[in-house]
Amino acid sequence: MINEKNLLNNNETINKIRKEIKYFHPKTLDDLKKFKIKFFSRKKGIITILLKKIKKIPIYRRKEFGKIINGLKCQIQEKLDESNYLLKENEKNEKFDYTVPGTTIEIGSIHPISILKNRIINILSNIGFTYVDGYEIEDDWHNFTALNIPLLHPSRDMQDTFFLSKKKDILLRTHTSSIQIRYMENNCPPFRVLSIGKVYRNETISSHSNYMFHQAEGFYIDQNVSFSHLKTIIYYLINSIFGKTKIRFRSSYFPFTEPSAEVDIYYDKKWLEIMGCGIIDPKVLENVNIDPKNYSGFAFGLGIERIALILYGIKDIRLYFNNDIRFLKQFKSEFF
Ligand code: DAH
0 MINEKNLLNN
10 NETINKIRKE
20 IKYFHPKTLD
30 DLKKFKIKFF
40 SRKKGIITIL
50 LKKIKKIPIY
60 RRKEFGKIIN
70 GLKCQIQEKL
80 DESNYLLKEN
90 EKNEKFDYTV
100 PGTTIEIGSI
110 HPISILKNRI
120 INILSNIGFT
130 YVDGYEIEDD
140 WHNFTALNIP
150 LLHPSRDMQD
160 TFFLSKKKDI
170 LLRTHTSSIQ
180 IRYMENNCPP
190 FRVLSIGKVY
200 RNETISSHSN
210 YMFHQAEGFY
220 IDQNVSFSHL
230 KTIIYYLINS
240 IFGKTKIRFR
250 SSYFPFTEPS
260 AEVDIYYDKK
270 WLEIMGCGII
280 DPKVLENVNI
290 DPKNYSGFAF
300 GLGIERIALI
310 LYGIKDIRLY
320 FNNDIRFLKQ
330 FKSEFF
């Protein structure tokens, strides 16, 4: 037993106290209370007595003794706090009825842009397109020059963007077509590639335009790729998204394709323009060291927001970016 008499000058006693603290596992809050009184009570608490005794100890040993007693005090306090916490937690758990049925929590829904992105990835991967990611921060070469849009080319005016360097060399990409250059620089044909991501333009925000939107870009390089291959893929893609629809190709101009076309669909009794496409210009292939005499290819690009506007009958592009739960919830049925 530890008692007042044998406390002093006795290492064994100190060790006994340490052991007692260590192996003390109270079953009730009452046990805990008794433990606290035993050590800390104002008159007979073991620690209280020890602290009082410090004065009687020869000065040269006081410091050492004080340290030991303080150490014990801290250990006891820690034990009290920890046991108090554990006992209270146990009490709470005992009151918890595990047999009560759980309530369902509301899970979120997928953003319409992501739904469409996933659908396009699915549709095109079914016919062998590989999905790759590009960079939202691009340099002039990949976004413009290599795509046959040299400095001062008028088509740059339509794609004004946010420049990140004074030299105007680093910018937020204006279209996903830059991925064509990045991929072709590092891979040898044949390949079929799809990429989807954010693009940026210096545009005023309105119901039909925003400074950031999403594009999907597909391209296919092999020997003897022709415009009829391109048409087949476009028909397949559009019919997979919209169901059977009337489609028309309108000749157009893009610096990186020749010939170029714009694709319209007949939807809700009107013709709607939904994408650009064409046969990749031989100059672009040369820029990435692919011999245009051996290889040819096509490319296409489409705006995801625009397709989702048509598909879901959304009237205002800003709804995509407001994060309004009432808007987002409507796409729940698409979850599975
Ligand atoms: N990059 C074009 C744009 O943002 C879209 C586009 C047109 C992409 C024709 C293509 C293409 O790959 O062949 O307006």
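Numbering of the sequence shown is given in numbering that gives the first Met the number 0, commencing with residue 0 and proceeding in unit increments. Cβ coordinates follow ideal geometry from the N, Cα and C atoms, glycine included. The structure displayed is predicted, hence computed values, not measured ones.
- The C-alpha of ASN209 lies about 8 Å from the C-alpha of ASN201.
- Residue environment: ASP280 is assigned as buried (16 or more neighbouring CB atoms within 10 Å of its CB, all protein chains considered).
- C-alpha of ILE240 to C-alpha of ILE309: approximately 11 Å in a straight line.
- The closest heavy atom of the ligand DAH lies 7 Å or more from the beta carbon of THR144.
- Only buried fits GLY296, as 16 or more other CB atoms lie within 10 angstroms of its CB.
- Exclusion of the five residues before and after TYR234 leaves ILE246 as the residues of its chain whose Cβ lies within less than 7 Å of its Cβ.
- In this structure GLY300 is buried. Its beta-carbon is surrounded by 16 or more other beta-carbon atoms within 10 angstroms.
- With distances taken between CA atoms, GLN179 lies nearest to ALA298 out of ASN89, ALA298, TYR319.
- If you check the C-beta of PHE161 against the ligand DAH, you find no heavy atom less than 7 Å away.
- The way I'd put it, the segment 29-46 does touch the segment 76-88; three or more beta-carbon pairs between them come closer than 8 Å.
- Bounds of any beta strand (DSSP E) do not take in ILE16; it lies within the alpha helix (DSSP H) bounded by 10-21.
- Contact annotation, ARG191 with GLY101: C-beta distance approximately 47 Å; criterion of less than 8 Å not satisfied.
- For ARG61, there is no enclosing beta strand (DSSP E); the residue is found in the alpha helix (DSSP H) stretching over 58-94.
- At a threshold of 7 Å, GLU216 counts as near the ligand DAH, since its beta carbon sits closer than that to one of the ligand's heavy atoms.
- At least one heavy atom of the ligand DAH sits closer than 7 Å to the Cβ of THR256.
- When rounded, the separation of the alpha-carbon atoms in PRO188 and GLN222 is 9 Å.
- Of the candidates TYR265, LEU229, HIS152, TYR265 places its Cα closest to the Cα of GLY242.
- LYS26 has its alpha-carbon roughly 27 Å from the corresponding atom of ILE48.
- DSSP, read as helix, strand or coil, puts TYR235 in helix.
- In terms of Cβ geometry, PHE23 and LYS78 form a close pair [threshold 8 Å].
- Secondary-structure assignment with DSSP links TYR252 through no beta bridge to anything.
- Under the criterion of beta carbons closer than 8 Å, ASP168 and ASP138 qualify as touching, at roughly 6 Å.
- Inter-residue distance for ILE104 and PHE64 is about 58 Å (C-alpha atoms, whole angstroms).
- Per DSSP, ARG181 is one residue of the alpha helix (DSSP H) stretching across 177-185.
- For HIS174, the CB falls within less than 7 Å of some heavy atom of the ligand DAH.
- When the beta-carbon positions are compared, ILE112 and HIS174 stay at least 8 Å from each other.
- For secondary structure counted as the alpha helix (DSSP H) over 4 or more consecutive residues, the segment 137-168 holds these complete runs in sequence order: 139-142.
- ILE68 and ARG61 have their C-alpha atoms spaced approximately 10 Å apart.
- For HIS228, the secondary structure class from DSSP, reduced to helix, strand or coil, is helix.
- Cβ atoms of LYS116 and ILE204 stay farther apart than 8 Å, at about 22 Å.
- Judged by DSSP secondary structure, ASP221 falls within the beta strand (DSSP E) whose first and last residues are 211-221.
- In the displayed model, PRO258 falls within a strand according to three-state DSSP.
- Rounded to whole angstroms, the gap between the alpha carbons of ASP29 and ASN89 is 15 Å.
- Counting along the chain, the unbroken alpha helix (DSSP H) around LEU49 starts and ends at 45-52.
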